[in-house]
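Quick note: the sequence shown uses the UniProt record's numbering, first residue 1, plus one each step.
Beta carbons: idealized from backbone N, C-alpha and C, even for Gly.
In this text, all values refer to a predicted model and were calculated from it rather than measured experimentally.
Remarks on the structure that follows.
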Amino acid sequence: MIENYNVKQKPWLYDIDIKSYYWPWTEKGWNDLAGYIFRVYTLKGVPRGFSCFKVGNHSLEVVKLCVHPTFRRLGFGSLLADDLVHMAISQRKQKLCMIVHEHNEYTGWLIKRGWRAIGLERSLFPDGTDGFCFERIVIN
(Lines of atoms letter the chains of each structure in order from A; the text may use other names.)
(Lines give C-alpha, C1' and ligand atoms only; values in the text may rest on other atoms or scores of the structure.)
Protein backbone atom coordinates (compact mmCIF):
# COMPACT_ATOMS: atom_id res chain seq x y z
CA MET A 1 0.00 0.00 0.00
CA ILE A 2 1.28 3.46 -0.89
CA GLU A 3 0.29 6.24 1.45
CA ASN A 4 1.24 9.79 2.32
CA TYR A 5 4.04 10.25 4.83
CA ASN A 6 3.36 10.66 8.51
CA VAL A 7 5.95 11.73 11.05
CA LYS A 8 5.88 8.35 12.85
CA GLN A 9 7.49 6.82 9.74
CA LYS A 10 10.54 9.09 9.88
CA PRO A 11 12.89 6.60 11.64
CA TRP A 12 12.05 3.93 9.06
CA LEU A 13 12.56 6.28 6.12
CA TYR A 14 15.82 7.55 7.58
CA ASP A 15 17.05 3.94 7.81
CA ILE A 16 16.01 3.21 4.21
CA ASP A 17 17.74 6.41 3.06
CA ILE A 18 21.01 5.50 4.80
CA LYS A 19 20.97 2.02 3.26
CA SER A 20 20.09 3.27 -0.23
CA TYR A 21 22.26 6.29 -1.01
CA TYR A 22 25.95 7.15 -1.15
CA TRP A 23 25.10 10.48 0.48
CA PRO A 24 21.86 10.17 2.42
CA TRP A 25 20.32 13.20 4.00
CA THR A 26 21.78 14.18 7.34
CA GLU A 27 19.62 14.37 10.45
CA LYS A 28 19.52 18.14 9.84
CA GLY A 29 18.30 17.51 6.31
CA TRP A 30 15.54 15.27 7.61
CA ASN A 31 14.41 18.11 9.87
CA ASP A 32 14.12 20.58 6.98
CA LEU A 33 11.51 19.02 4.71
CA ALA A 34 9.44 22.08 3.85
CA GLY A 35 8.02 21.74 0.35
CA TYR A 36 8.76 18.03 -0.04
CA ILE A 37 6.04 15.45 -0.57
CA PHE A 38 6.66 11.87 0.53
CA ARG A 39 4.85 8.77 -0.67
CA VAL A 40 5.56 5.65 1.39
CA TYR A 41 5.15 1.99 0.43
CA THR A 42 4.17 0.01 3.51
CA LEU A 43 3.93 -3.73 3.99
CA LYS A 44 2.13 -4.94 7.11
CA GLY A 45 2.19 -1.36 8.39
CA VAL A 46 5.98 -0.98 8.09
CA PRO A 47 7.61 1.32 5.50
CA ARG A 48 9.64 -0.65 2.94
CA GLY A 49 10.34 2.13 0.43
CA PHE A 50 9.49 5.72 -0.40
CA SER A 51 9.59 8.46 -2.95
CA CYS A 52 10.12 12.13 -2.25
CA PHE A 53 9.54 15.01 -4.62
CA LYS A 54 8.82 18.70 -5.01
CA VAL A 55 6.23 20.11 -7.37
CA GLY A 56 7.88 22.33 -9.99
CA ASN A 57 6.34 24.53 -12.68
CA HIS A 58 6.22 21.82 -15.34
CA SER A 59 7.47 18.73 -13.53
CA LEU A 60 7.71 16.72 -10.36
CA GLU A 61 11.31 17.00 -9.18
CA VAL A 62 12.06 13.59 -7.69
CA VAL A 63 14.79 13.69 -5.05
CA LYS A 64 14.39 10.19 -3.58
CA LEU A 65 13.10 6.89 -4.92
CA CYS A 66 14.31 4.00 -2.82
CA VAL A 67 13.44 0.62 -1.35
CA HIS A 68 15.03 -1.03 1.69
CA PRO A 69 17.72 -3.45 0.43
CA THR A 70 15.97 -6.46 2.00
CA PHE A 71 12.85 -5.77 -0.08
CA ARG A 72 14.40 -4.94 -3.45
CA ARG A 73 13.51 -6.88 -6.60
CA LEU A 74 9.98 -7.54 -5.33
CA GLY A 75 8.26 -4.85 -7.41
CA PHE A 76 7.98 -2.21 -4.69
CA GLY A 77 10.17 0.25 -6.60
CA SER A 78 8.00 -0.19 -9.69
CA LEU A 79 4.89 0.53 -7.62
CA LEU A 80 6.51 3.70 -6.25
CA ALA A 81 7.62 4.76 -9.76
CA ASP A 82 4.08 4.21 -11.10
CA ASP A 83 2.74 6.22 -8.18
CA LEU A 84 5.04 9.11 -9.16
CA VAL A 85 3.51 9.06 -12.66
CA HIS A 86 0.01 9.16 -11.17
CA MET A 87 1.03 12.02 -8.87
CA ALA A 88 2.40 13.97 -11.86
CA ILE A 89 -0.84 13.44 -13.77
CA SER A 90 -2.92 14.53 -10.77
CA GLN A 91 -0.76 17.68 -10.48
CA ARG A 92 -1.04 18.27 -14.26
CA LYS A 93 2.72 18.08 -14.76
CA GLN A 94 4.35 17.10 -18.05
CA LYS A 95 7.32 15.16 -16.74
CA LEU A 96 9.29 13.71 -13.86
CA CYS A 97 12.90 14.85 -13.34
CA MET A 98 15.61 13.29 -11.20
CA ILE A 99 19.38 13.54 -10.77
CA VAL A 100 21.11 10.19 -10.24
CA HIS A 101 24.64 9.53 -8.92
CA GLU A 102 26.91 8.33 -11.73
CA HIS A 103 27.59 5.05 -9.88
CA ASN A 104 23.94 4.31 -9.17
CA GLU A 105 23.36 0.70 -10.20
CA TYR A 106 19.69 1.31 -11.01
CA THR A 107 20.06 3.63 -14.01
CA GLY A 108 19.21 0.68 -16.30
CA TRP A 109 16.09 0.07 -14.22
CA LEU A 110 15.02 3.68 -14.82
CA ILE A 111 15.65 3.45 -18.57
CA LYS A 112 13.50 0.29 -18.82
CA ARG A 113 10.68 2.25 -17.19
CA GLY A 114 10.69 5.13 -19.65
CA TRP A 115 13.26 7.47 -18.11
CA ARG A 116 16.00 8.91 -20.30
CA ALA A 117 19.27 10.62 -19.53
CA ILE A 118 19.15 14.22 -20.75
CA GLY A 119 22.23 15.79 -19.21
CA LEU A 120 25.13 15.65 -16.83
CA GLU A 121 25.92 17.71 -13.73
CA ARG A 122 29.71 17.71 -13.29
CA SER A 123 31.16 17.23 -9.78
CA LEU A 124 27.71 17.38 -8.22
CA PHE A 125 28.33 15.04 -5.29
CA PRO A 126 30.66 15.59 -2.30
CA ASP A 127 33.30 13.20 -3.66
CA GLY A 128 33.39 15.03 -7.00
CA THR A 129 31.41 12.44 -8.94
CA ASP A 130 28.92 13.47 -11.56
CA GLY A 131 25.14 13.26 -11.55
CA PHE A 132 23.05 12.20 -14.53
CA CYS A 133 19.89 14.20 -15.18
CA PHE A 134 17.00 11.89 -16.03
CA GLU A 135 13.47 12.69 -17.10
CA ARG A 136 10.33 10.74 -17.84
CA ILE A 137 7.62 12.31 -19.97
CA VAL A 138 4.12 11.91 -18.56
CA ILE A 139 1.07 11.66 -20.79
CA ASN A 140 -1.85 13.60 -19.29
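Rounded C-alpha distance that separates residue i from residue j
i	j	result
Arg113	Val7	30 angstroms
Leu60	Arg122	22 angstroms
Val40	Gln94	23 angstroms
Asn57	Asp15	31 angstroms
Thr26	Ile89	31 angstroms
Residue from the options with nearest C-alpha to residue i
i	options	result
Asp127	Glu102, Glu135 and Phe71	Glu102
Cβ-Cβ distance between residue i and residue j below 7 angstroms
i	j	result
Gln91	Val138	no
Pro47	Leu13	yes
Leu110	Phe125	no
Leu33	Ser51	no
For residue j and residue i, believed in contact at Cβ under 8 angstroms, the rounded distance
i	j	result
Pro24	Ile18	5 angstroms
Leu79	Phe53	Contact doesn't hold; Cβ gap of about 15 angstroms is too wide.
Asn62	Met98	A small fix is needed here, since residue 62 is Val in this sequence, not Asn. Indeed, because the Cβ distance is near 4 angstroms, the residues count as touching under 8 angstroms.
Gly49	Phe71	7 angstroms
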